[in-house]
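**Student:** Got a structure here, written out as structure tokens. Questions coming.
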Amino acid sequence: MNEKTILITGASSGIGRACAEFLTQKGYRVFGTTRREDLVGENHRGSGFELISMDVADRESVARAVRKIIAKAGGIDIIINNAGMGIAGSIEDTSYEEAKMQFDTNFFGCMNVINEVLPHMRKRGSGVIINIGSVAGYISIPFQAMYSSTKAALQSMTFSLRNEVAPFNIKISIVHPGDLRTNFTQNRKRSESAIPGSPYFERMERSIAVMERDEQNGGDPVCVARTIFRILKRKSPPVAVTVGFKYKFVAFLLRIVPAKLREKAVASIYA
Ligand SMILES: NC(=O)c1ccc[n+]([C@@H]2O[C@H](COP(=O)([O-])OP(=O)(O)OC[C@H]3O[C@@H](n4cnc5c(N)ncnc54)[C@H](OP(=O)(O)O)[C@@H]3O)[C@@H](O)[C@H]2O)c1
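The numbering used here puts the first residue of the sequence shown at 2, with every later residue one more than the last.
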């Protein structure tokens with residue numbers, strides 16, 4: 002049995018849930034989080050992991066959940082910052098409040114969890130943090146700009162943090178999934194002004210339809226769990242990992258193709 006304790010944010014569905022189930026089976030003690038009080042409890046749906054209440058965008062809620070895990074398990078060895086959602090709409094149709102909500106969850110949510118747990122990890126002199134990014138963090142997708150921006154910002158924070166906490170023996174990686182079949186598609190919000198009459202409406206609808214089709218035809222989220230398990234087994238975790246051969250190939254092409262050509266390719270797929 003592996004005695005290590007893992008905190009996975011957003012473990013009620015999709016990637017977070019797949020990771021929680023998979024890593025529980027591998028012998029880790031897993032605490033997942035949800036905002037849904039009806040799901041909170043031990044042995045979530047017989048899977049052996051515990052779901053506790055946390056809204057990553059609410060610092061007090063994060064602090065409460067972290068205190069609870071430490072009281073129960075004695076510490077947190079690994080964080081998987083997974084909770085997230087997407088807002089669709091052109092930048093012009095997106096309000097400050099909507100953009101802020103997107104960043105509060107996908108970016109500041111990770112920062113809240115990291116900052117709450119880091120003091121414990123520093124004291125113990127060990128820890129692993131895995132941030133869930135997205136291929137959309139390095140291919141900026143039209144009409145999903147705020148989402149892409151949160152993931153790009155998360156990657157940037159990951160790179161800085163690696164250097165900052167290296168002397169405390171705390172390791173950080175970012176994992177970039179491509180399109181996967183989860184509730185992300187149903188949970189996607191549209192900005193309130195992204196409605197008929199907006200000069201962007203038709204193109205946005207076409208673009209979102211492509212994203213939704215790709216997500217619903219995407220892979221099983223357990224592939225992310227397998228990637229994370231492999232990272233956890235490594236003495237020196239990689240900086241960033243893209244999940245799946247197809248997306249690794251896309252990441253490679255992006256590195257060698259000129260920016261103008263990249264833009265044309267994205268436009269032909271989405272805009
Ligand atoms: N699906 C894909 O194609 C894809 C691709 C690349 C990256 N990703 C990333 O993968 C992560 C997980 O997404 P998913 O595809 O598994 O979507 P999902 O099925 O919709 O799951 C999202 C999870 O995040 C939680 N969540 C959302 N907002 C939260 C908040 N403010 N506080 C706490 N928990 C919150 C939800 O929990 P509750 O609602 O129960 O609170 C849920 O468990 C996200 O960061 C997403 O950006 C997904």
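No residue lacks a Cβ here, since even glycine has one placed at the ideal position from N, Cα and C.
1. Can you say whether N82 is buried or exposed, counting buried as having 16 or more other CB atoms within 10 angstroms of its CB?
2. On the premise that I171 lies in contact with G128, defined as a C-beta separation below 8 Å, what is that separation, rounded to the nearest angstrom?
3. Could you spell out the range, first to last residue, of the alpha helix (DSSP H) harbouring K69?
4. Tell me where the alpha helix (DSSP H) around T25 begins and ends.
5. How about I80 and L8: are their beta carbons less than 8 Å apart?
6. Compute the Euclidean distance between the alpha carbons of M2 and R36, then round it to the nearest angstrom.
7. Quick one: is N113 buried, meaning 16 or more other Cβ sit within 10 Å of its Cβ, or exposed?
8. If you check the beta carbons only, do M55 and T34 fall under 8 Å apart?
9. Mapping the DSSP letters down to three states, classify V211 as helix, strand or coil.
10. Hey, how far is the Cα of N184 from the Cα of G245?
11. Is any non-hydrogen atom of ligand 1 found closer than 7 Å to the C-beta of D94, if you look at the structure I gave you?
12. Could you tell me the boundaries of the alpha helix (DSSP H) in which V129 lies?
13. Any idea what DSSP makes of P178, helix, strand or coil?
14. Is there contact between the stretch 186-198 and the stretch 124-143, where contact requires at least three CB pairs shorter than 8 Å?
15. Which of the three DSSP states, helix, strand or coil, is assigned to Y248?
**Tutor:** Considering the structure as presented:
1. To locate residue 82, count along the sequence shown from 1; it is residue 81. So N82 ends up on the buried side.
2. By 1-based counting over the sequence shown, the position of residue 128 is 127. By 1-based counting over the sequence shown, the position of residue 171 is 170. Indeed they touch by this definition, with Cβ atoms about 4 Å apart.
3. One-based indexing of the sequence shown puts residue 69 at position 68. Here the alpha helix (DSSP H) through K69 covers R60 to A74.
4. Here the question's residue 25 lines up with position 24 in the sequence shown. Run containing T25: G15 to Q26, per the alpha helix (DSSP H) assignment.
5. Residue 80 sits at position 79 when you count from the first residue of the sequence shown. Residue 8 sits at position 7 when you count from the first residue of the sequence shown. Closer than 8 Å, so yes.
6. Working through the sequence shown from its first residue, we reach residue 2 at position 1. Working through the sequence shown from its first residue, we reach residue 36 at position 35. Confidence is the limiting factor: at M2 the pLDDT is only 49, short of 50, which leaves the residue's position unreliable, though a coordinate-based value still follows. Computed Cα separation, rounded: 30 Å.
7. As a first step, residue 113 is located in the sequence shown; it is residue number 112 there, counting from the start. Result: buried.
8. For the purposes of this step, residue 55 is identified with residue 54 of the sequence shown, where counting begins at 1. For the purposes of this step, residue 34 is identified with residue 33 of the sequence shown, where counting begins at 1. Result yes, Cβ atoms of M55 and T34 sit closer than 8 Å.
9. The residue given as residue 211 occupies position 210 in the sequence shown. Reduced to three states, the DSSP call for V211 is helix.
10. Your numbering for residue 184 matches position 183 in the sequence shown. Your numbering for residue 245 matches position 244 in the sequence shown. Answer to the nearest angstrom: the Cα atoms are 20 Å apart.
11. If you number the sequence shown from 1, residue 94 lands on position 93. No, since every heavy atom of ligand 1 falls outside the 7 Å radius drawn around the Cβ of D94.
12. Locating residue 129 in the sequence shown gives position 128, where the first residue counts as 1. That residue, V129, is in no alpha helix (DSSP H); its beta strand (DSSP E) goes G128 to I133.
13. One-based indexing of the sequence shown puts residue 178 at position 177. DSSP places P178 in coil when its eight states are reduced to three.
14. no
15. Numbered from its first residue, the sequence shown carries residue 248 at position 247. Of the three classes helix, strand and coil, the one that applies to Y248 here is helix, per DSSP.
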